[in-house]
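See below for the structure under consideration.
Numbering (our numbering), first residue to last: 7 to 247.
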């Protein structure tokens, strides 16, 4: 083994090497919202063999990592810029496509596939929540985390937060991540893993592909915040007080 054991948390594993996220995705193990679980607990919850998952992780991490972003080594302002430019922008680009597509296929195929009506409802809920969520991050939480990093670099005390402690908005953001993750999991289950039925039209198939890609991006997005950005921001604030 390459230092990974059953007591290592899933979030720590993916933070150390993001390539391992593909292993957890393949086994349907939540590495973002539930990243604080040990790998042993995560495998048990998913009903998969821990030894096999550890073997796959070692296989991935033993390969050369040239070109793989080391998010865990980035400064917090750099990480914030990356999250906003890549993941927030992705959400803003994709939701205006996915929302009407999900409504269209619910209208066209809802009689034969009534689950699509629930899918369309969930997509709207995700869109509403994620839109407000990103605004709160970009205008409140992220600027304060950037100030924390600036103060730490200059060896100044942590700035006072209007919300008492950075942990307060972090808990809210994590709860909203959990909510979006549950909604996407329900969509995955309703659509049999985003697999189109034989009678699916082109829009139906495209919409499921969009939802699949959206879920994958959401997992990466939430991982960067829950498992890297937020813990480091909390530690910076605590050290600066």
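Idealized CB from N, CA, C, for every residue including glycine.
Everything numeric in this text was worked out from a predicted model, so none of it was measured.
Determine the extent of the alpha helix (DSSP H) in which residue 166 is found, giving its start and end residues. Counting along the chain, residue 166 falls outside any alpha helix (DSSP H), and DSSP gives it neither H nor E.
Here's the rule: buried if 16 or more other CB atoms are within 10 angstroms of the residue's CB, otherwise exposed. What is residue 131? exposed
Could you round the C-beta distance between residue 65 and residue 56 to whole angstroms and report it? I think they count as a contact, below 8 Å. At roughly 15 Å, the Cβ-Cβ gap does not stay under 8 Å, so residue 65 and residue 56 are not in contact.
Please classify residue 160: is it buried, with 16 or more other beta-carbons within 10 angstroms of its beta-carbon, or exposed? exposed
Does the Cβ of residue 175 have 16 or more other Cβ atoms within 10 Å, making it buried, or fewer, making it exposed? Counting Cβ neighbours within 10 Å, residue 175 comes out buried, since at least 16 surround it.
Measuring straight from C-alpha to C-alpha, what distance separates residue 104 and residue 96? 12 Å
According to DSSP, is residue 15 helix, strand or coil? Judged by DSSP in its simplified three-state form, residue 15 adopts strand.
Counting along the chain, where does the alpha helix (DSSP H) carrying residue 141 start and finish? 121-142
Can you list, in chain order, the residues of its chain whose CB lies under 6 Å from that of residue 126, leaving out five sequence neighbours each side? 108, 109, 112
Could you check if residue 187 is buried or exposed, using at least 16 other CB atoms within 10 Å of its CB as the buried criterion? It is buried - the Cβ of residue 187 has at least 16 other Cβ atoms within 10 Å.
Would you decide whether residue 232 is buried or exposed? Buried here means 16 or more other CB atoms lie within 10 Å of its CB. Label assigned to residue 232: buried.
Of all the alpha helix (DSSP H) runs that stay within the bounds of the stretch 21-81, which reach a length of 4 or more residues? 27-32, 45-52, 56-67
Should residue 77 and residue 155 be called a contact, given that it needs their Cβ atoms to be closer than 8 Å? no
So, using beta-carbon positions, are residue 242 and residue 158 closer together than 8 Å? yes
Would DSSP call residue 199 helix, strand or coil? coil
Whether residue 181 touches residue 246 by CB criterion (8 Å): no
With H, G and I counted as helix, E and B as strand and the rest as coil, what does DSSP make of residue 90? helix
By the three-class DSSP mapping on this structure, what secondary structure does residue 229 have? helix
Among 91, 28, 51, nearest to residue 63 - alpha-carbon criterion: 28
Nearest to residue 87 (by Cα), restricted to the options 148, 75, 70, 239: 148
Among the residues of its own chain, which have a CB less than 6 Å from the CB of residue 227, if the five just before and after it don't count? Contacts found: 93.
Within the continuous alpha helix (DSSP H) that includes residue 104, where are the two ends? From DSSP, the alpha helix (DSSP H) with residue 104 extends over 95-115.
How about residue 24 and residue 83: are their beta carbons less than 8 Å apart? no
Do you know whose CA, among 12, 17, 36, 166, lies nearest residue 221's CA? 36
Please confirm whether residue 41 and residue 15 have their CB atoms less than 8 Å apart. Their beta carbons are under 8 Å apart, which means residue 41 touches residue 15 by this criterion.
If we call anything under 8 Å between Cβ atoms a contact, is residue 230 one with residue 189? No.
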